[in-house]
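To keep things clear, I will list the structure first and then write my remarks on it.
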Amino acid sequence: RPKVQVLQSIYNGKKGIAFTELGPYWRSVRKFCNQQLFNASKIESFAPTRKEVLAHFIESLKEAAVAKEVVNISKKVGDLNEKMTLKMILGPVKKYEEFNLKELIDELTNLAGAFNLADFVPFLGAFDLQVLCLCVF
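Position 8 of the sequence shown, counted from 1, bears residue number 8 in the UniProt record's numbering, the numbering being contiguous throughout.
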């Protein structure tokens, strides 16, 4: 796995499943995810949530069609994905928009994808010349 300085700051020294090195820790985390998070009964338990969010999505498309509005399908599908994910993670929270998770994810993605000189010249990592790791906090 690549050693990216910003991701080490974001994921607390590679403690997440995405960027941890292969080994016993990765196997135990993967086993936990498969047994507790991605099993058939857990996925099926989210079916009512998925149906509710999808029904709201279709209703908004119908309303836009009746009003003869131009619809940005990419934005609508992105919002659908965001709402479905947030409802599955946070549960039945009414005002989950106030968490600004979409902006946070966008910012972290931009930081993780930014060019960082320390990724190529490791001894410069301690100096954080581009102030990328400071932006994480």
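All C-beta atoms in this analysis are idealised placements derived from N, C-alpha and C, irrespective of residue type, glycine included.
At the C-beta level, M88 and F57 stay beyond 8 Å of one another.
Residue range 73 to 90 is occupied by the alpha helix (DSSP H) that includes K83. Note on V53: 16 or more other CB atoms within 10 angstroms of its CB, so buried under the neighbour-count rule. Taking the Cα positions, A18 is about 15 Å away from I105. Closest in alpha carbon position to V77, among P24, F32, S60, Q35, is S60. A check of alpha carbon separations from K83 across V66, V70, A64, L101 identifies L101 as the nearest. The three-state secondary structure of F38, taken from DSSP, is coil. For I58, the enclosing alpha helix (DSSP H) covers residues 47 to 66. In this structure, the CA atom of S28 is about 10 Å from the CA atom of N34.
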